[in-house]
Amino acid sequence: MKLSEIVDRLDLSVRSGKEKLGEDVTGGYASDLLSDVIANSNEGDIWITLQIHQNIVAVASMNKLAGIVLVNGREPEEGTLEAAEQEAMPIMVTDMPTFEVVGKLYELGISGTR
Amino acid sequence: MMREFSADLHLHTCLSPCADPEMIPRMIVRQAKQVGLDIIAICDHNSMDNVDAVTRAGESEGLCVIPGMEITSREEVHILGLFRTEASLREMQRIVYDSLPGENDEEAFGPQTIVDEYDRVIGSNTKLLIGATTLAVEEVVQAVHRLQGLAIASHVDREGFSIIGQLGFIPPALGLDALEVSRPQAAEAWKDYPVITCSDAHFLSDIGRATTTFTLEEATIDEIELALLDKDGRKVTVH
């Protein structure tokens, strides 16, 4: 499923990386421990987190994730947005908590296992 | 004359809700002396309320006590701040308290006991010391440096509440003065930073379990800073 379709269906607000919304999302991962995301997320995953530190962009780029969804109305830090624009990494925000976002993604057929 | 000083720079007291009630000034000082320490630092979670008491208890026994605090950033990264004076630490505490929401629930997290240098209970801290501040890790390090303190990332070899666990890697521009590891074997993994080992003691029997040997002229934080920079013959040895 294309990232743009997920943005529409979950009514996410896009904060960066608009040019990459046409990319395919092939799975999902939810975690707030970045060391865990480095170890266990897969290329093409959409990542759900409440961390807003700029390291999230580096972690997402390193693992070639499709995009990052920030939950609970959290906004990326300024440095995070700058890094995300540089890396062309889509960051989306929502007022929903992680549980709701993951549930809705699962309903759309996005899975955490391959 | 340069000599070796044995240091354990990360001890909690009974102020930290997760620490043992026996972590009181005279007991801490006695245990520290018994295991051969010359320097300790008191680093309770997000508060300095027992620093003065331990410092005074240490003074009468010839134990150097460095004023410190273990600060929780909003990413839930633990950073040790070691300060030159209690006045600087008090200013750090003001910054931390301004950004530390919540009240402690003793039933859930444990008591936060304030004591005097004779181990007498003189009060209780009501803030949620186990919680996280709203300060980004960069803001914590900057505040410590503005107050001429040393900023050291706590237990980077552990997953919980460490900068590596929470943030995956150390942001290159962060400007940490050193990293703390819990196990000396973990020190070798780090080439770009000075490394110290500390016990992170929550119980009396933990004190001195992991120590750092500093080669210094005297037991002061200025000398420790030189040792971390490997300057003027000052040295750091972990074991």
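Residue numbers (UniProt numbering), protein chains in the order written: chain A, 1 to 114; chain B, 1 to 239.
All C-beta atoms in this analysis are idealised placements derived from N, C-alpha and C, irrespective of residue type, glycine included.
All figures in this text were calculated on a predicted structure; none of them were measured in a lab.
Exercise. To the nearest angstrom, report how far apart Ser60 of chain B and Leu82 of chain B are at their CA atoms.
Key: Sequence index remark: in the second sequence, residue 60 of chain B carries index 60 (1-based). Sequence index remark: in the second sequence, residue 82 of chain B carries index 82 (1-based). A straight line joining the alpha-carbon of Ser60 of chain B with that of Leu82 of chain B spans about 21 Å.
Quiz item: Helix or strand or just coil, what does DSSP make of His45 of chain B?
Solution: Start at 1 with the first residue of the second sequence, and residue 45 of chain B comes out as number 45. The DSSP-derived three-state label of His45 of chain B is strand.
Self-check item: Chain-ordered chain B contacts of Ser35 of chain A [CB-CB under 9 Å]
Solution: On the first sequence, residue 35 of chain A is found 35 positions in, with the first residue counted as 1. Correct list: Glu159, Ser162, Ile164, Gly165, Gln166, Leu167, Gly168 and Phe169.
Practice problem: Could you name the residues of chain B that Asn55 of chain A contacts, counting a contact when the two beta carbons are closer than 7 Å? | Solution: As a first step, residue 55 of chain A is located in the first sequence; it is residue number 55 there, counting from the start. Chain-order list of chain B residues neighbouring Asn55 of chain A: Leu167, Gly168, Phe169 and Pro171, by C-beta distance under 7 Å.
Exercise. Using only alpha-carbon positions, find the residue among B:Leu100, B:Tyr97, B:Ser47 and B:Val29 that is nearest to Val65 of chain B.
Key: Stepping through the second sequence from its first residue, residue 65 of chain B is reached at position 65. Checking every option, the nearest Cα to that of Val65 of chain B belongs to B:Val29.
Quiz item: Quick one: what does DSSP say Leu9 of chain B is sitting in, helix, strand or coil?
Solution: Numbered from its first residue, the second sequence carries residue 9 of chain B at position 9. Here Leu9 of chain B sits in strand by DSSP.
Quiz prompt | Closer than 9 Å to chain B by CB, Ile110 of chain A | solution = Start at 1 with the first residue of the first sequence, and residue 110 of chain A comes out as number 110. Taking 9 Å as the threshold, the shortest C-beta distance from Ile110 of chain A to chain B does not fall below it.
Quiz prompt | Under 8 Å (Cβ pairs) to chain B, residues found in the stretch 48 to 73 of chain A | solution = Against chain B - using a Cβ distance shorter than 8 Å - the residues of the stretch 48 to 73 of chain A are Gln51, His53, Gln54, Asn55, Ala58 and Val59.
Quiz prompt | Contact with chain B by Glu43 of chain A, beta-carbon distance below 9 Å | solution = On the first sequence, residue 43 of chain A is found 43 positions in, with the first residue counted as 1. Chain B contact via Cβ: absent.
Self-check item: Where Leu5 of chain B falls, given that 16 or more other Cβ within 10 Å makes a residue buried
Solution: The residue you call residue 5 of chain B lines up with position 5 of the second sequence. Reading the sequence as shown, one finds Phe at residue 5 of chain B and not Leu. Buried is the call here.
Self-check item: Limits of the unbroken alpha helix (DSSP H) element including Phe109 of chain B
Solution: Translated into the one-based positions of the second sequence, residue 109 of chain B becomes position 109. That run of the alpha helix (DSSP H) goes Glu106 to Phe109.
Exercise. Quick one: using the 10 Å Cβ neighbour count with 16 as the cut-off for buried, is Leu129 of chain B buried or exposed?
Key: The residue you call residue 129 of chain B lines up with position 129 of the second sequence. Residue environment for Leu129 of chain B: buried (at least 16 other C-beta atoms within 10 angstroms of its C-beta).
Quiz item: Are the CB atoms of Val195 of chain B and Glu217 of chain B nearer to each other than 9 Å?
Solution: Position 195 of the second sequence, counting from 1, holds the residue named residue 195 of chain B. Position 217 of the second sequence, counting from 1, holds the residue named residue 217 of chain B. No, the pair does not count as a contact, with Cβ atoms beyond the cut-off.
Quiz prompt | Selection of the stretch 132 to 154 of chain B by Cβ proximity to chain A, strictly under 9 Å | solution = Contact residues of the stretch 132 to 154 of chain B toward chain A are Ala136, Val137 and Glu138 (C-beta to C-beta distance below 9 Å).
Quiz item: If we count the other Cβ atoms within 10 Å of its Cβ and call it buried at 16 or more, is Arg234 of chain B buried or exposed?
Solution: Counting from 1 along the second sequence, the entry for residue 234 of chain B is found at position 234. Under this definition Arg234 of chain B is a buried residue.
Practice problem: Report yes or no: is there a C-beta of chain A within less than 9 Å of the C-beta of Glu180 of chain B? | Solution: Position 180 of the second sequence, counted from the start, is the residue given in the question as residue 180 of chain B. No, because no Cβ of chain A sits closer than 9 Å to the Cβ of Glu180 of chain B.
Self-check item: Contact set between Glu85 of chain A and chain B, taken where Cβ atoms lie within less than 9 Å
Solution: Indexing the first sequence from 1 puts residue 85 of chain A at position 85. Simply none; closest approach about 18 Å.
Quiz prompt | Own chain, CB closer than 8 Å to Leu12 of chain A, minus 5 neighbours either side, in chain order | solution = Position 12 of the first sequence holds residue 12 of chain A. Within the same chain, Cβ atoms closer than 8 Å to the Cβ of Leu12 of chain A are found at Ile6, Val69, Met92, Val93 and Thr94, the five residues on either side in sequence being excluded.
Self-check item: Beta-carbon proximity list for Glu77 of chain A, same chain, < 8 Å, skipping 5 on both sides
Solution: The sequence position of residue 77 of chain A within the first sequence is 77, counting from 1. Closer than 8 Å at the Cβ level, and outside the excluded window around Glu77 of chain A, lie Ile52, His53 and Gln54.
Quiz item: Taking only beta-carbon atoms, is Glu82 of chain A less than 9 Å away from chain B?
Solution: On the first sequence, residue 82 of chain A is found 82 positions in, with the first residue counted as 1. At a cut-off of 9 Å between C-beta atoms, Glu82 of chain A does not count as an interface residue with respect to chain B.
Exercise. Tell me, please, whether the CB atom of Glu106 of chain B is closer than 9 Å to any CB atom in chain A?
Key: Numbered from its first residue, the second sequence carries residue 106 of chain B at position 106. Interface annotation, Glu106 of chain B: not in contact with chain A, CB-CB separation never under 9 Å.
Practice problem: Flag this pair as yes or no: are the beta carbons of Leu100 of chain B and Val141 of chain B separated by less than 9 Å? | Solution: Within the second sequence, the letter at position 100 stands for residue 100 of chain B. Within the second sequence, the letter at position 141 stands for residue 141 of chain B. Going by beta carbons, Leu100 of chain B and Val141 of chain B fall outside the 9 Å limit.
Quiz item: Ends of the beta strand (DSSP E) at Lys235 of chain B?
Solution: Numbered from 1 along the second sequence, position 235 holds the residue referred to as residue 235 of chain B. Start and end: Lys235 to Val238.
Exercise. Step through the CB atoms of chain B and report whether any lies within less than 9 Å of the CB of Ile46 of chain A.
Key: In the first sequence, counting from the first residue as 1, residue 46 of chain A sits at position 46. Not closer than 9 Å to any Cβ of chain B, the Cβ of Ile46 of chain A fails to qualify, so no.
Quiz prompt | Inter-residue Cα distance where the pair is Gly103 of chain A and Arg9 of chain A | solution = Locating residue 103 of chain A in the first sequence gives position 103, where the first residue counts as 1. Locating residue 9 of chain A in the first sequence gives position 9, where the first residue counts as 1. Between the C-alpha atoms of Gly103 of chain A and Arg9 of chain A there is a straight-line separation of about 13 Å.
Quiz item: From the DSSP output, which residues share a beta bridge with Leu105 of chain A?
Solution: Counting from one through the first sequence, the residue named residue 105 of chain A turns up at place 105. For Leu105 of chain A, no pairing in a beta bridge is given by DSSP.
Quiz item: Under 9 Å between C-beta atoms, does Glu75 of chain B make it to chain A?
Solution: The count along the second sequence starts at 1 and reaches residue 75 of chain B at position 75. For Glu75 of chain B, the answer is yes, since a Cβ of chain A falls inside 9 Å of its Cβ.
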